[in-house]
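*Asks:* Protein chains in written order, with the numbering used here: chain A, 1009 to 1234; chain B, 1009 to 1234. Sending over a structure as structure tokens; questions will come in a sec.
2 protein chains.
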Amino acid sequence: MSREPRSRRQHYTIDVVALTPRDAELAVLLERRSEGRDKTVRWNVPWAASKPGESLADVAQRAIRRGTGATPTWSTQVGAFSDGTHPGGSDLSIVYVALVPMGEDEVQGDEFQWFLLSDLPALTDRQSQMLQESVNAVRDRLDLYPVAFKLLPATFTLSELQHMYELLLGRRLHKASFRRALSAASLVEPTDEWRSEGRGRPAQLFRFGSRKRRRGKRGVRFDLLG
Amino acid sequence: MSREPRSRRQHYTIDVVALTPRDAELAVLLERRSEGRDKTVRWNVPWAASKPGESLADVAQRAIRRGTGATPTWSTQVGAFSDGTHPGGSDLSIVYVALVPMGEDEVQGDEFQWFLLSDLPALTDRQSQMLQESVNAVRDRLDLYPVAFKLLPATFTLSELQHMYELLLGRRLHKASFRRALSAASLVEPTDEWRSEGRGRPAQLFRFGSRKRRRGKRGVRFDLLG
DNA sequence: TGACATTAGTCGCATAATGTGACTAATATG
DNA sequence: CATATTAGTCACATTATGCGACTAATGTCA
Chain A
1009 MSREPRSRRQ HYTIDVVALT PRDAELAVLL ERRSEGRDKT VRWNVPWAAS KPGESLADVA
1069 QRAIRRGTGA TPTWSTQVGA FSDGTHPGGS DLSIVYVALV PMGEDEVQGD EFQWFLLSDL
1129 PALTDRQSQM LQESVNAVRD RLDLYPVAFK LLPATFTLSE LQHMYELLLG RRLHKASFRR
1189 ALSAASLVEP TDEWRSEGRG RPAQLFRFGS RKRRRGKRGV RFDLLG
Chain B
1009 MSREPRSRRQ HYTIDVVALT PRDAELAVLL ERRSEGRDKT VRWNVPWAAS KPGESLADVA
1069 QRAIRRGTGA TPTWSTQVGA FSDGTHPGGS DLSIVYVALV PMGEDEVQGD EFQWFLLSDL
1129 PALTDRQSQM LQESVNAVRD RLDLYPVAFK LLPATFTLSE LQHMYELLLG RRLHKASFRR
1189 ALSAASLVEP TDEWRSEGRG RPAQLFRFGS RKRRRGKRGV RFDLLG
């Protein structure tokens, strides 16, 4: 029943994993830091300490604005991580994942840089874990929140949308099935613009416009149980 | 770029929402506390402070063991909550939800008591929020983890299993469809025991025995998007 | 005992959702 | 004009799902 504050109370930071699509893959925003006497270059995800009275989401916003020119289009809390060490010495990292749309991935200054997930620099245990779980969090929310749309510009072709889903799911989808399901849900609206990419037939541009709310109340799915 | 520790560093606790089925509904374990000069009785979910070097899951275990005779059969992190106040004065609550199976819901001492979700005492904002999100977390994981099974005894009838799903989903399911899906997934194994509940035909007892891993790789579901 | 209520468990059919290959359309290249 | 390339659609087979109706096994009570 020891509820008295210890000699050293545990404290926390808010760490933000910002993701953007790049080269048919996801990239994460990392911040440079120099460590030790030889100034070894290390990388970690942006973070900020919480001030009294500030909401967690606000701190996350603050942390990510330091590094990106663009405001993320979506973000959500991933969880709390306490394993390993933290560059700021925090005992606990509250992790937010933030999505930055295609083409808005400019960074501010030398301190920040995007890294492809397949080509990451060396990271501490906690950093790796946070990254892994952030990507999982986005994947898990894929059919609950329109995260794929949040990674695209305001208007996009249906092929681009499909490729974004394929990127996030890590597997190929069948074109006709994809479009049929999309059309059944009335999730996108056609614009009157078309995009010609040089070769092949031009593609019509669509915008995200969820209107119809036909909540399907289907049976239980046992086939996903792990 | 203010990364220096503030005059008062923010600190956190681990709070645990323990759930058990009771009277065709979920119940939550709350802990009594006396507050103010008139010793008003207040209730809150069990919590514990983190000690250096202890993992979050361990702290959660410690917090919940104080209140229940039984060890929870499953638990997972829900998230971090900072709104409002906390009985221990912590700035941040890391919330774990823990499942206690049917029939193992004894409490230790007067300090703890189960409350039906439909009949809760007055709670602070943060406590209500934590509770709400914990129930949502269980519901969201329903077809990813066998949470319904974790709320049942080791052996159970298929009707009990269906009622548990109905309880968690908040809607009725069709018996034949439910069993067909269950059978297709090869999730349960029959035992040679039968249970007679007095009236009606006796029911065969089953145990959870997931072996077949036929991961369905289906298309994208747009119909769930919020 | 035998009709009835009650709960367990199964079957079969209609409909809906999905996988898939093949098709047409519109553009650029040579 | 033939060919390559990407967009977009169609039709059909297969699978999944909703659902009512059926049989089975027990207890209750007249």
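No residue lacks a Cβ here, since even glycine has one placed at the ideal position from N, Cα and C. This structure is a prediction, so every number in the text was calculated from the model and none was measured.
(1) Excluding five sequence neighbours on each side, which residues of the same chain lie with their C-beta closer than 8 Å to the C-beta of A1106 of chain A?
(2) Beta-carbon separation of V1086 of chain A and A1145 of chain A under 9 Å?
(3) Would DSSP call F1186 of chain A helix, strand or coil?
(4) Where do the ends of the beta strand (DSSP E) carrying F1157 of chain B lie?
(5) What residues from the segment 1069-1090 of chain A come within 7 Å of chain B, judged by C-beta to C-beta, listed N to C?
(6) Which of the three DSSP states, helix, strand or coil, is assigned to D1091 of chain B?
(7) Just to confirm, is the Cβ distance from L1190 of chain B to L1166 of chain B under 9 Å?
(8) By the criterion of Cβ-Cβ separation under 8 Å, what are the contact partners of H1094 of chain A in chain B?
(9) State the DSSP-derived secondary structure class of R1134 of chain B, mapped to helix, strand or coil.
(10) Is the Cβ of D1127 of chain B closer than 9 Å to any Cβ of chain A?
(11) Give me the residue from A:E1168, A:V1143 and A:P1154 with the minimum Cα distance to G1205 of chain A.
(12) Going by DSSP, which residues form a beta bridge with T1076 of chain B?
(13) Count the CB pairs spanning the segment 1113-1128 of chain B and the segment 1037-1045 of chain B that are closer than 8 Å, and state whether there are at least three.
(14) Here's the rule: buried if 16 or more other CB atoms are within 10 angstroms of the residue's CB, otherwise exposed. What is Q1135 of chain B?
(15) Should W1055 of chain A be labelled buried (16 or more other beta-carbon atoms within 10 Å of its own) or exposed?
(16) Which residues in the same chain have their Cβ closer than 7 Å to the Cβ of M1172 of chain B, if we skip the five residues on either side of it in sequence?
(17) Any idea if L1152 of chain B is buried or exposed, counting beta-carbon neighbours within 10 angstroms, 16 or more meaning buried?
(18) So, does the CB of F1120 of chain A fall closer than 9 Å to a CB anywhere in chain B?
(19) At a Cβ cut of 7 Å, what residues of the segment 1142-1163 of chain A count as close to chain B, listed as they run along the chain?
(20) If you reduce the DSSP assignment to three classes, tell me which class R1147 of chain B lands in.
(21) Kindly identify the DSSP beta-bridge partner or partners of T1165 of chain A.
(22) Helix, strand or coil, according to DSSP, for R1041 of chain A in the structure here?
(23) Would you identify the three-state DSSP class for Q1018 of chain B, choosing helix, strand or coil?
(24) Hey, does H1182 of chain B have any beta-carbon neighbour from chain A nearer than 9 Å?
(25) Where does A1192 of chain B fall in DSSP's three states?
(26) Hey, is D1031 of chain B's beta-carbon within less than 9 Å of any beta-carbon in chain A?
(27) According to DSSP, what are the bridge partners of R1030 of chain A?
(28) Looking at L1213 of chain B: is its Cβ nearer than 9 Å to the Cβ of R1203 of chain B?
(29) Per DSSP, what are the beta-bridge partners of E1197 of chain B in this structure?
(30) May I ask you to list the residues that DSSP assigns as paired with R1050 of chain B?
(31) Assign H1019 of chain A to one of two classes, buried (16 or more other C-beta atoms within 10 Å of its C-beta) or exposed (fewer than that).
(32) Could you check if S1015 of chain B is buried or exposed, using at least 16 other CB atoms within 10 Å of its CB as the buried criterion?
(33) Going along chain B in order, which residues have a C-beta closer than 8 Å to the C-beta of S1063 of chain A?
(34) Taking the DSSP output, what are the residues bridged to Y1104 of chain B?
(35) Which same chain residues, not among the five before or five after T1132 of chain B, have their C-beta less than 7 Å away from its C-beta?
(36) By how many angstroms is the C-alpha of G1061 of chain A removed from the C-alpha of F1164 of chain B?
*Replies:* Once the coordinates are examined:
(1) V1024, V1025, A1026, L1027, A1068, I1072, P1080, W1082 and S1083
(2) yes
(3) helix
(4) Where F1157 of chain B is concerned, there is no enclosing beta strand (DSSP E), although the alpha helix (DSSP H) it sits in stretches over V1155 to K1158.
(5) Q1085, G1087, A1088 and S1090
(6) coil
(7) yes
(8) Correct list: empty, because the minimum Cβ distance to chain B is about 11 Å.
(9) helix
(10) no
(11) This sequence places Glu at residue 1205 of chain A; Gly is not what is there. The shortest Cα separation from E1205 of chain A among A:E1168, A:V1143 and A:P1154 belongs to A:E1168.
(12) B:V1115
(13) yes
(14) buried
(15) buried
(16) P1029, A1156, L1159 and L1160
(17) exposed
(18) no
(19) D1151, L1152, Y1153 and P1154
(20) helix
(21) A:L1213
(22) strand
(23) coil
(24) yes
(25) helix
(26) no
(27) A:E1033
(28) yes
(29) B:R1215
(30) B:R1041
(31) buried
(32) Because S1015 of chain B sits at a pLDDT of 46, beneath the cut-off of 50, its placement in the model cannot be relied upon, and the following sentence gives the value as read from the coordinates. With fewer than 16 other Cβ atoms within 10 Å, it is exposed.
(33) S1090 and D1091
(34) B:V1024 and B:Q1085
(35) G1092 and T1093
(36) 48 Å
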